[in-house]
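The structure appears below as C-alpha cells.
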Amino acid sequence: MINHEGRIKAAFDSGVFVLKLCGDVRLTLCATLDQQARQLAETPGLETLIIDLRDTTNVDSTALGFLAKVAMAVQGRVTERPTIIADNPDVRRMLDVMGFSRIFTLVETPITETCELCDLPEIPTDVEETRQRVLEAHRILMRLNEHNREEFQPLVEMLEAQQTASHGN
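The numbering of the sequence shown is this note's numbering, which starts it at 1 and goes up by one.
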C-alpha cells in the first residue's frame, strides 16, 4: 500500500532552497509551511526557491495559501521568481486557476535535479492555531485573483465570525 499521507521535504544547497511536497498535502502541514516561510525570509545566501509538486497527489487550498506565503516571504530576496515544478495536469490546472503564475514560474520539469532532501517534521498545532492558519491562507489566496476572492469570501467570513465568537467580542 502506498502512503498518501502528506509529507514535506526540504534541502538548501548553494543558494537553492527546494521544498518538495509529497502525497496529500493538507492544512495539517501548514504549520510546517508557515515555519518554512518565516525561515526563508531570513535565510542568508538564498538565491532561488523551488517548490516541487511532482509527487503531490493533492494540495488543499489552505496549503496552497501557505505556498503563496512562502513565495511572498522571499520576494525581493531572490533573483528570479520562485519556481513550482508540477507535472500533474490536475495540479497545474489548480495552480493556474488560483493565479499562481503571478507569483511563481510554473514548469513541468526541473532545470536540474536537486540534492538530497530531508523530511521536515510535522509541527503539531491546536484547533485555534489551525483556524488562524486556514484564515490567513485563504486571505492570501484572495489577494491573488478575482476568482479566489469570490471562491473563498464565504469561508473567510465564516472563519472571521467564528474567531469573533470564540473571543467573545
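Don't be surprised by glycine CBs; every beta carbon is placed ideally from N, CA and C.
All of these numbers come straight from a predicted model, not from anything done at the bench.
Just tell me which of the options has its CA closest to the CA of residue i.
i	options	result
A73	V97, L64, L40 and V18	L40
P124	A31, F12 and V25	A31
V134	L117, F152, E146 and H147	F152
F17	P154, T28, T79 and L27	T79
L29	T83, L67 and Q163	L67
D90	K69, F100, D119 and N58	N58
L159	F100, E129 and H147	E129
K69	G45, F100 and R54	F100
A11	G45, D96, E108 and D119	D119
E146	D96, A165 and L46	D96
Apply the 10 Å Cβ neighbour rule to residue i and answer buried if 16 or more other Cβ atoms are within range, or exposed otherwise.
i	result
Q36	buried
T62	buried
D34	buried
A161	exposed
R38	exposed
G6	buried
M1	Any reading at M1 is ruled out, since the residue's pLDDT is 41, under 50, leaving its predicted position unreliable.
A86	buried
L83	The amino acid at residue 83 is misidentified as Leu; the sequence shows Thr. Answer is buried; the Cβ neighbour count reaches 16.
A71	buried
Just to confirm before moving on: does the CB-CB distance between residue i and residue j stay below 8 Å?
i	j	result
R149	M142	yes
D52	P110	yes
M94	L144	no
H138	V156	yes
E136	G65	yes
H21	T56	Here the sequence assigns Leu to residue 21, which means His is not the residue at that position. Yes, the pair counts as a contact, with Cβ atoms nearer than the cut-off.
T48	G15	yes
L199	K9	Residue 199 is absent from the model: the chain starts at 1 and stops at 169.
R205	I50	Within the shown structure, residues of the chain are numbered from 1 to 169, placing residue 205 beyond reach of any answer.
Q60	R26	First, the residue type needs correcting, since residue 60 is Asp and not Gln in the sequence shown. Result yes, Cβ atoms of D60 and R26 sit closer than 8 Å.
So if DSSP puts residue i in a beta bridge, which residue, or which two residues, is it bridged to?
i	result
V107	I85
R7	C22
D119	K9
V16	D13 and T48
8 Å is my cut-off, CB to CB: does residue i come that close to chain D?
i	result
D126	Among the chains in the structure shown there is no chain D, since it carries only a single protein chain.
Item to check | Every unbroken beta strand (DSSP E) inside the stretch 19-103 [3 residues or more] | outcome: Fully enclosed beta strand (DSSP E) runs of 3 or longer: 48-59 and 83-85.
Checklist entry - What are the uninterrupted segments assigned as beta strand (DSSP E) that are 3 or more residues long and contained completely in the stretch 119-162, given in chain order? => result Complete beta strand (DSSP E) runs here, min 3: none at all.
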